[in-house]
Amino acid sequence: MGTADNHSIPPESKGIIPRAMQTLFSSMNSLQFKTRKFSLKVSFVEIYNEDLIDLLGESYGDSRPQVTIREDTKGNILWSGLQEMRVNSVDDVMGHLARGSANRQVGATDMNAQSSRSHAIFSVTMIQQKFVGSSTSQSSPRPREYVTVTSKFHFVDLAGSERLKRSAAVGERAKEGISINSGLLALGNVISALGDPNKAKHTTHIPYRDSKLTRLLQDSLGGNAQTLMIACASPAEYNLNETVNTLKYANRARNIKNTATVNQEEVGWHDLEHLQNLVLKLRSEIRSLKTSCISNNATNSTNSNGSNNNLEVQLKQLQRSYSELSQKHAKKSAELAAHQDNFDEMGDTVKKNDKKDHLDASFQEAVEPVIEEYEKSISSLESQLALVRAALNHTETMMHDHEYKLECAEQINEQNKNLIIDLRNKIAQLCEREETAEHY
């Protein structure tokens, strides 16, 4: 889709269409597609007050042919009465775009001095023939060696929705604004029906026929197509409501899920004579293949008989060789048995000696870890014994000191006892002397 009044497809600047066409022609001229034949045509239609106008037509006014919309048996939308111009380069495309844009309906309103008063659709139809033969040669190709792939590019410029109060449109401008808003409303209803999963489950009818715009875009919205919408928003606070509505509109379109498949068919499927000739040719090829198979079977049968004789001769030779080898094998087996007996006798003697040596070695290997453990234990015990001896010597020394101190204490105690006895005797003598003195 294109944008509204901001004109995303101006002829004087390199916009969406020039870039797309440059990419398209570059791909067509690349080596990757050199075996294909391409044919491009462009058309330009305007929807003005619900009337379809051919912008590339040579006639004007009432003399211009009427553009109508119809649907084929496969559900594809076809435009009749519309002139399609063949193009071979980007310049050809841009020339027709500029000529058609000059014929569009524009007018001044309070919102825009060059306001688009209509919706417009610039269409590019590409037909390519893909070679499907067994070789890549294009010399004198037969029609049945190709499949035809038809692709369409619709570049849509939607006029912006208008509020009559803000645009101050009257008369013809007001009528144009109402027509524009009606088309956008119908398009919004179709987008809502296609993009809302809840509605899609219960809705069996999509309102494509509510306007010419939705009817023309039926294939692009819900058909075999991929659709891109570019929304034009304003950063000005004055246009806040319009910007919010535009974003909501684009968000609903974003929810549409389409699965596009290549639109191709083999050349000649609608030509009865071609199909009859094709059937006759295939039957002839089948007969040729059958004849070739019978001939090959006969040749293979002759070759098989000769091969069988050779195989029989080879089998007899192999049988003789097998018999000779069997006899040699029996003889060698007997010799081997005799040598085996001698070897067993010698082996017994060797085994005894080996067994003894083996036992000694095994005993030595088994004892070594035990000896090492005992040596470690003895070393540990010796260390502990040395510690105990040192502790014992220290204890004996302390005991001797205590015994000496005890003997000294006993001697002092004995001396104190003797001193007490002497003191008691002296006291007794003094007491006797005092008693004797008192009697005198």
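So that you can map any letter, position 275 of the sequence shown is 275 in full-length UniProt numbering, and since no number is skipped, the others follow by simple counting.
We treat Cβ as the ideally placed atom computed from N, Cα and C, and that holds for glycine.
Owing to the predicted nature of the structure, the values given are computational and were not obtained by experimental measurement.
Open item on the list: On the criterion of 16 or more Cβ atoms from any shown chain inside 10 Å, does K212 qualify as buried, or is it exposed?
Closed with: In the assembly as shown, K212 is a buried residue. Its beta-carbon has 16 or more other beta-carbons within 10 Å.
TODO: Return helix, strand or coil for D196, following the three-state DSSP convention.
DONE: For D196, the three-state secondary structure derived from DSSP is coil.
Open item on the list: Does T227 pass the burial test, meaning 16 or more other C-beta atoms within 10 Å, or should it be called exposed?
Closed with: Per the 10 Å Cβ criterion, buried.
Open item on the list: Classify F33: buried if its beta carbon has 16 or more other beta carbons within 10 angstroms, exposed otherwise.
Closed with: Result: exposed.
Open item on the list: Looking only at its chain, what residues have a beta carbon closer than 7 Å to the beta carbon of S27, apart from the 5 residues adjacent to it on each side?
Closed with: Result list for S27: F33, in chain order.
Open item on the list: Tell me the residue span of the beta strand (DSSP E) that contains F25.
Closed with: Boundaries around F25 are those of the alpha helix (DSSP H), 16-28, since no beta strand (DSSP E) includes it.
Open item on the list: Check for me: the beta strand (DSSP E) holding L148 runs from which residue to which?
Closed with: For the record, residue 148 in the displayed sequence is Thr; it is not Leu. Taken as a continuous stretch (DSSP letters only), the beta strand (DSSP E) holding T148 covers 146-157.
Task: Classification of E50 by the beta-carbon crowding that lies within 10 angstroms, buried from 16 upward - done: By the C-beta density criterion, E50 is exposed, having fewer than 16 other C-beta atoms within 10 angstroms.
Open item on the list: Under 8 Å, with one C-beta from each stretch per pair, do the stretch 180-200 and the stretch 246-257 reach the 3-pair mark?
Closed with: Touching, per the Cβ criterion.
- [ ] Can you have a look at I180 and say buried or exposed, based on whether 16 or more other CB atoms are within 10 angstroms of its CB?
- [x] Counting Cβ neighbours within 10 Å, I180 comes out buried, since at least 16 surround it.
Open item on the list: Measuring only the C-alpha atoms, how far is K152 from V124?
Closed with: Distance between the alpha carbons of K152 and V124: 6 Å.
- [ ] Return helix, strand or coil for V132, following the three-state DSSP convention.
- [x] When secondary structure is reduced to three states using DSSP, V132 falls in the coil class, being assigned neither helix nor strand.
Task: Burial state of Y249 (16 or more Cβ within 10 Å) - done: Here Y249 is buried: its Cβ has 16 or more other Cβ atoms, across all protein chains shown, within 10 Å.
Open item on the list: Taking the alpha-carbon of G57 as reference, which of R99, H402, N413, Y48 has the nearest alpha-carbon?
Closed with: For G57, the closest of R99, H402, N413, Y48 by C-alpha to C-alpha distance is R99.
Task: Coarse secondary structure for K41, derived from DSSP in three states - done: In the structure shown, K41 sits in a strand (DSSP, three-state: E or B).
TODO: Could you check if A186 is buried or exposed, using at least 16 other CB atoms within 10 Å of its CB as the buried criterion?
DONE: By the C-beta density criterion, A186 is buried, having at least 16 other C-beta atoms within 10 angstroms.
TODO: Go to R86, then tell me how far its alpha helix (DSSP H) extends in each direction, as first and last residue.
DONE: Residue range 85-87 is occupied by the beta strand (DSSP E) that includes R86, with no alpha helix (DSSP H) assigned at that position.
Open item on the list: For E438 and L406, I'd like the C-alpha separation in whole angstroms.
Closed with: Roughly 48 Å between the two C-alpha positions.
Open item on the list: Under DSSP, the beta strand (DSSP E) around L78 begins and ends at which residues?
Closed with: Looking at the DSSP string, the run of the beta strand (DSSP E) that includes L78 is 77-80.
TODO: For the alpha helix (DSSP H) containing R104, list its first residue and its last residue.
DONE: First-last for R104: undefined, no H or E at that position.
Task: Where R142 falls: helix, strand or coil (DSSP) - done: Only weak support exists for where R142 lies, its pLDDT of 49 falling under 50; the value from the coordinates is given anyway. The three-state reading of DSSP puts R142 in coil, since its state is none of H, G, I, E or B.
Open item on the list: If I follow the unbroken alpha helix (DSSP H) through T214, where does it start and stop?
Closed with: The continuous alpha helix (DSSP H) containing T214 extends over residues 212-216.
- [ ] Identify the continuous beta strand (DSSP E) that holds L52 and give its terminal residues.
- [x] That run of the beta strand (DSSP E) goes 51-54.
- [ ] Mind checking which residues open and close the beta strand (DSSP E) that includes T68?
- [x] From DSSP, the beta strand (DSSP E) with T68 extends over 68-71.
Task: Three-state secondary structure assigned by DSSP to M229 - done: Under the three-state reduction of DSSP output, M229 falls in the coil class, being neither helix nor strand.
Open item on the list: Between the alpha carbons of R86 and K175, how many angstroms are there, rounded?
Closed with: Computed Cα separation, rounded: 35 Å.
TODO: Put H119 into one of helix, strand or coil per three-state DSSP.
DONE: Note: H119 maps to strand in three-state DSSP.
Open item on the list: Within the continuous alpha helix (DSSP H) that includes Y249, where are the two ends?
Closed with: That run of the alpha helix (DSSP H) goes 240-254.
- [ ] Please classify T136: is it buried, with 16 or more other beta-carbons within 10 angstroms of its beta-carbon, or exposed?
- [x] Note that T136 scores 46 on pLDDT, short of 50, meaning its location in the model is unreliable; the coordinates nonetheless yield the value given after this. Burial call: exposed.
Task: Assigned secondary structure, E46 (DSSP; H/G/I helix, E/B strand, else coil) - done: Assigned with DSSP and collapsed to three states, E46 falls in strand.
TODO: Tell me, please, whether the stretch 227-238 touches the stretch 79-93 by the rule of three or more beta-carbon pairs shorter than 8 Å.
DONE: Too few Cβ pairs lie closer than 8 Å, so no.
Open item on the list: According to DSSP, is I178 part of a helix, a strand, or is it coil?
Closed with: The answer is helix: DSSP assigns I178 an H, G or I state.
Open item on the list: Taking the beta carbon of P143 as the centre, do at least 16 other beta carbons fall within 10 Å, making it buried, or is it exposed?
Closed with: The pLDDT assigned to P143 is 46, lower than 50, so where the model puts this residue is not dependable, and the model offers no usable value.
Task: Whole-Å CB distance - S116 paired with D157, under 8 Å assumed - done: With a contact defined as Cβ atoms closer than 8 Å, S116 and D157 qualify at about 7 Å.
TODO: Kindly indicate which three-state DSSP category V190 falls into: helix, strand or coil?
DONE: Secondary structure of V190 (DSSP, three-state): helix.
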